[in-house]
Amino acid sequence: MGEKTEGDGILKYRIGIPRAVMYYQFGTIWKSFFHTMDTEVIVSGETNKKILDEGATRVVDEACLPVKVYFGHAMQLAREEVDFLFIPRLVSIEKKAFICPKLMGLPDMLSAGKSSLPPLIKPTLNLVKSESRLEDFLQDIAKSLSFDKKKTRQAWHLAQGVYNKEMESKRRSFLENQIDCPGLTTIFLAAHPYLIHDRFLNLNIVDKLKKMGCRVILPEEIPPEVQNAELSCLRKPLFWSFGKMQLGSVRFIARQPGAKGIIILSSFGCGIDSFIDNMVVRYLKKMGVPYLNIILDEHSGAAGLDTRIEAFLDMLRWKESKDEDYVSTYGSYLGCDEGTARASGAGCSSTTLFQ
Amino acid sequence: MKALLEHLGLDVVVPPYSSKRTLSLGVQHAPEFACLPLKINLGNLIEARELGADAFIMAGGVGPCRFGLYAQLEKEILYDLGYTYESLVLEPPDMGILKFLKEVRQIIGTVSWWRVWQSVRIAYRKAYLIDELERVLQELRPREVVKGTADRIFSFSLSTIDRAKNNDDLNEAFGLAKQKLLHVPTDDNQIILKIGLVGEIYTLLEPFASLEIEKKLGYLGAHVNRSLYLSEWINEHLFHGFLGKKNMNRQFKDYSYPFLNHFVGGHGQESIGASVAFAKEGYDGIVQLAPLTCMPEIVAHTIFPKVTKECGIPVLTIYLDEQMGQEGVNTRLEAFTDLLRKKRALLDPLRTIC
């Protein structure tokens with residue numbers, strides 16, 4: 001295990017981080033943290049077909065798209081000459097909420113594979129019971145890389161500062177603009193960060209929408225406090241961070257004045273979305289907000305997606321100009337009576353999810 | 356559960372046994388990618404409603420498995436269908452059963468706590484004794500001369516145990532059932548495979564959901580042992596081990612190291628741990644059952660190749676959903692048991708001859 005030299009400018013290790021799943025949320029923290037610790041960070045390239053194919057052959061078929069891609073990225077890094085792979089076991093990033101069972105098992109799933117990988121660094125981050133457990137996570141890292149504990153802590157706080165600043169600037173653009181932009185169709189893209197930012201997986205949907213004259217709002221632009229406030233009247237609090245983000249931000253957007261459409265993007269086989277999206281869809285139906293539900297997997301084709309988006313946007317625009325409802329009848333047969341639901345105003349009263 | 360509430364004087368509507376109709380009702384109204392237990396459970400609730408139920412009781416959870424949100428999502432779906440249900444959800448973190456019993460007491464008026472305790476005891480004992488009988492049944496299935504004898508005795512005993520109102524009745528019903536089972540003629544001159552059944556709790560415990568895989572394996576000449584029994588689950592999740600008895604799950608978790616070092620929700624870690632434990636006890640194979648898209652079991656499934664390699668135990672994973680067909684499962688189980696027999700014959704020729 002490399003030499004232990006402190007602060008003399010020599011890079012100690014080369015650490016590989018797969019550009020997948022939680023990287024899109026916390027990559028900034030990780031990169032700047034390792035940078036402060038004088039460690040070279042190698043991030044795998046953007047997802048491409050080869051990475052996806054390679055990943056898909058390494059995991060069981062039943063696994064979800066993001067996990068397959070994660071395996072692909074790890075394989076790619078194995079070919080680069082890295083000393084370690086940084087595969088954190090992210091159990092929970094906030095109190096009383098988990099991320100996802102599959103992500104909890106990621107390091108074990110990776111090391112069970114047949115192919116040889118560089119040694120894994122797999123610190124466990126579990127803040128379910130208390131936020132102070134971050135300390136354990138840092139100690140794990142410090143121990144496996146023989147870092148100085150105090151320095152590790154400082155570097156992490158520094159990195160967190162960088163991350164907070166980045167998030168703030170993202171949110172500012174949202175707060176400064178109105179939801180309704182004249183001349184642009186407002187679209188809220190409800191999806192997990194790893195789908196929104198992976199341009200290969202989502203078939204470049206964000207740019208596509210922008211090109212078609214849309215203003216795209218992303219969940220991360222909505223401050224977490226707002227999301228949590230939206231969820232405070234839930235009968236039972238959700239225990240998935242992704243789920244909270246999805247339902248909270250959609251509820252916020254849906255209740256804002258102004259015309260908008262919501263595109264729900266999820267990956268095939270996502271256990272969390274199978275429940276949350278159903279709740280979201282039922283809620284939106286009652287609120288009378290148009291939505292499009294897109295499920296991505298390794299067979300997605302760009303042409304099919306284009307057609308669906310075009311049709312959705314056309315209907316949104318007709319709806320605005322003619323004040324008529326051309327929006328898809330999908331969901332009409334979910335059993336809820338649209339007329340009565342809408343008559344009851346905010347829609348909140350006709351659901352059992354919220355109090 | 357039924358036993359407990361009836362003892363407390365509530366009118367209990369038990370939904371009819373899960374059937375094709377239950378499943379198709381559930382599939383029709385549940386989200387497409389939801390797991391099979393949700394679909395069947397939703398179907399159960401719709402069928403119970405048709406029989407006049409107006410409140411449902413369910414266990415809950417705080418994740419990360421989807422089971423924790425079943426009650427909420429189902430209530431919303433039922434509401435959209437026009438059924439207003441009251442719901443009582445047993446949430447484990449806030450000391451589930453006590454709070455739950457308080458709520459039940461509110462509904463039915465005052466009942467002494469002694470009576471409540473008695474009810475809990477007898478209900479748990481019923482579950483425990485049924486599990487006892489099931490273990491005998493699992494042993495008999497491959498060995499009995501006339502296939503199906505033990506199963507018939509067992510299903511008859513279920514109804515006598517269900518009818519028992521007090522401890523004496525219960526003991527008598529159990530004793531009689533066990534005697535009958537022990538007198539089933541068996542053929543001891545055959546090779547019996549030992550197979551461990553692991554996986555997600557619902558598919559393990561509900562024969563309809565698993566297409567009676569346990570029974571099928573039994574008739575294919577395998578002595579099946581499960582990683583989970585109902586009474587153990589009740590004891591651990593609802594009573595925090597309050598009812599005593601050994602805690603199998605804890606032990607299984609210890610075995611899961613180094614394959615799966617962290618809790619992944621549901622019974623993912625137990626599946627791995629139990630398989631390793633079964634392998635050490637000399638079992639011939641493992642069958643893993645899981646509903647399609649079950650998150651914890653997918654993690655376990657991905658790790659199984661490593662378990663197979665290091666512990667030398669073959670694993671067959673079967674995902675269950677509404678598209679399952681009987682014959683497909685039969686073929687896979689037959690092939691699996693054939694392979695296990697071949698493997699045993701190679702490893703241990705002497706045992707095969709006698």
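So the sequences go chain by chain: A and B.
Under the working numbering, think of the first position of the first sequence as 1, with each following residue one higher.
Under the working numbering, think of the first position of the second sequence as 356, with each following residue one higher.
Glycine included, each C-beta is placed from N, C-alpha and C at the ideal position.
For residue i and residue j, which I take to be in contact (beta-carbon distance under 8 Å), what is that distance rounded to the nearest angstrom?
i	j	result
Phe137 (chain A)	Trp240 (chain A)	In fact, because the Cβ distance is near 20 Å, the residues do not count as touching under 8 Å.
Phe174 (chain A)	Glu46 (chain A)	Actually they do not touch by this definition, with Cβ atoms about 25 Å apart.
Leu536 (chain B)	Leu488 (chain B)	7 Å
Ala20 (chain A)	His73 (chain A)	5 Å
Glu298 (chain A)	Leu65 (chain A)	7 Å
Asn293 (chain A)	Ile264 (chain A)	5 Å
Thr87 (chain A)	Leu110 (chain A)	The sequence given here places Ile at residue 87 (chain A); Thr does not occur at that position. Between Leu110 (chain A) and Ile87 (chain A) the Cβ distance is about 6 Å, and since that is below 8 Å, they are a contact.
Pro123 (chain A)	Arg89 (chain A)	7 Å
Thr648 (chain B)	Gly269 (chain A)	5 Å
Leu548 (chain B)	Asp639 (chain B)	5 Å
Ala528 (chain B)	Ser512 (chain B)	7 Å
Looking at the C-beta of residue i, does it have a partner C-beta in chain A at a distance below 8 Å?
i	result
Asp435 (chain B)	yes
Thr558 (chain B)	no
Gly599 (chain B)	With a pLDDT of 49 at Gly599 (chain B), under the threshold of 50, the modelled position of that residue is not reliable, and no figure is offered here.
Met450 (chain B)	Note that Met450 (chain B) scores a pLDDT of 47, beneath 50, so its modelled location is shaky; the value from the coordinates is reported in the next line. Taking Cβ atoms only, chain A never reaches closer than 8 Å to Met450 (chain B), which makes this a no.
Gly683 (chain B)	no
Arg470 (chain B)	no
Arg421 (chain B)	yes
Met413 (chain B)	no
Phe691 (chain B)	no
Glu431 (chain B)	yes
Met650 (chain B)	yes
Gln427 (chain B)	yes
Leu424 (chain B)	yes
Tyr638 (chain B)	no
Checking contacts by CB at 8 Å: is residue i closer than that to chain B?
i	result
Ala359 (chain A)	Outside the shown range of chain A, which is 1 to 355, sits residue 359 (chain A), and nothing can be said about it.
Asn112 (chain A)	Note that residue 112 (chain A) is Ala in the sequence shown here, rather than Asn. At least one chain B Cβ lies under 8 Å of Ala112 (chain A).
Ser274 (chain A)	yes
Asn278 (chain A)	yes
Glu62 (chain A)	yes
Leu353 (chain A)	yes
Arg171 (chain A)	no
Gly269 (chain A)	yes
Val91 (chain A)	yes
Met37 (chain A)	no
Phe242 (chain A)	no
Phe356 (chain A)	Chain A is shown only over 1 to 355; residue 356 (chain A) falls outside these bounds and no answer can be derived.
Leu334 (chain A)	Its pLDDT being 48, under 50, Leu334 (chain A) is placed unreliably by the model, and nothing is read from it.
Cys348 (chain A)	Residue placement at Cys348 (chain A) cannot be trusted, given a pLDDT of 43 that sits under 50; what the coordinates show is reported in the next sentence. Cys348 (chain A) does not count as touching chain B.
Lys102 (chain A)	yes
Arg317 (chain A)	no
Arg282 (chain A)	yes
Is there a C-beta anywhere in chain C that falls below 8 Å from the one on residue i?
i	result
Met109 (chain A)	This model lacks chain C altogether; the protein chains it does include are A and B.
Completely contained beta strand (DSSP E) runs for the segment 16 to 88 of chain A, where each covers 3 or more residues: 40 to 43, 84 to 86
Near-chain A residues of the segment 375 to 393 of chain B (beta-carbon distance less than 9 Å), N- to C-terminal order: His384, Ala385, Pro386, Glu387, Phe388, Ala389, Cys390, Leu393
Residue ranges of each beta strand (DSSP E) within the segment 121 to 174 of chain A, 3 or longer: 124 to 126
Three or more C-beta pairs below 8 Å linking the segment 374 to 386 of chain B and the segment 547 to 560 of chain B: no
Near-chain A residues of the segment 603 to 624 of chain B - C-beta to any C-beta below 8 Å: Flagged, chain order: Phe614, Leu615, Asn616, His617, Phe618, Val619, Gly620, Gly621, Gly623.
Inter-stretch contact at 8 Å, needing at least 3 Cβ pairs: the segment 17 to 36 of chain A / the segment 616 to 629 of chain B: No, the segment 17 to 36 of chain A does not touch the segment 616 to 629 of chain B.
Meets three-Cβ-pair contact criterion under 8 Å: the segment 240 to 250 of chain A and the segment 259 to 275 of chain A: yes
Interfacial residues, the segment 118 to 141 of chain A to chain B, with Cβ spacing under 7 Å: Thr124
Any 3 or more C-beta pairs closer than 8 Å across the segment 564 to 573 of chain B and the segment 651 to 665 of chain B: no
Residues, ordered as in the chain, of the segment 653 to 669 of chain B that lie near chain A by beta-carbon distance below 7 Å: So the list reads Ile653, Val654, His656, Thr657, Ile658, Pro660, Lys661, given in the order they occur along the chain.
Against chain A: residues of the segment 572 to 591 of chain B by CB proximity under 9 Å: none
Any beta strand (DSSP E) of 3 or more consecutive residues that is wholly inside the segment 266 to 306 of chain A: 291 to 296
Inter-stretch contact (C-beta, 8 Å, three-pair minimum) for the segment 194 to 212 of chain A and the segment 162 to 169 of chain A: no
Touching by the beta-carbon criterion (3+ pairs, under 8 Å), the segment 668 to 677 of chain B and the segment 400 to 419 of chain B: no
Where the segment 43 to 76 of chain A meets chain B: residues whose CB sits under 7 Å from a CB there: Val59, Val60, Glu62, Ala63
Residues of the segment 223 to 238 of chain A with Cβ closer than 9 Å to any Cβ of chain B, in chain order: Leu234, Arg235, Lys236, Pro237, Leu238: these are the residues of the segment 223 to 238 of chain A whose beta carbon lies less than 9 Å from some beta carbon of chain B, given in chain order.
Touching by the beta-carbon criterion (3+ pairs, under 8 Å), the segment 480 to 500 of chain B and the segment 539 to 550 of chain B: Taking a cut-off of 8 Å for Cβ pairs, the segment 480 to 500 of chain B and the segment 539 to 550 of chain B touch, as three or more such pairs fall below it.
Touch test, the segment 568 to 582 of chain B against the segment 396 to 407 of chain B, Cβ-Cβ under 8 Å, three pairs minimum: When C-beta atoms of the segment 568 to 582 of chain B are compared with those of the segment 396 to 407 of chain B, fewer than three pairs fall below 8 Å, so the two segments do not count as touching.
At least three beta-carbon pairs within less than 8 Å, the segment 419 to 432 of chain B to the segment 303 to 310 of chain A: no
Inter-stretch contact at 8 Å, needing at least 3 Cβ pairs: the segment 582 to 589 of chain B / the segment 608 to 615 of chain B: no
Residues within the segment 497 to 514 of chain B neighbouring chain A, beta-carbon criterion of under 9 Å: Answer in chain order: no residues at all.
Start-end ranges of the beta strand (DSSP E) lying completely within the segment 618 to 652 of chain B, minimum 3 residues: 640 to 646
Within 9 Å of chain B by C-beta, residues of the segment 187 to 208 of chain A in sequence order: The residues in question: there are none.
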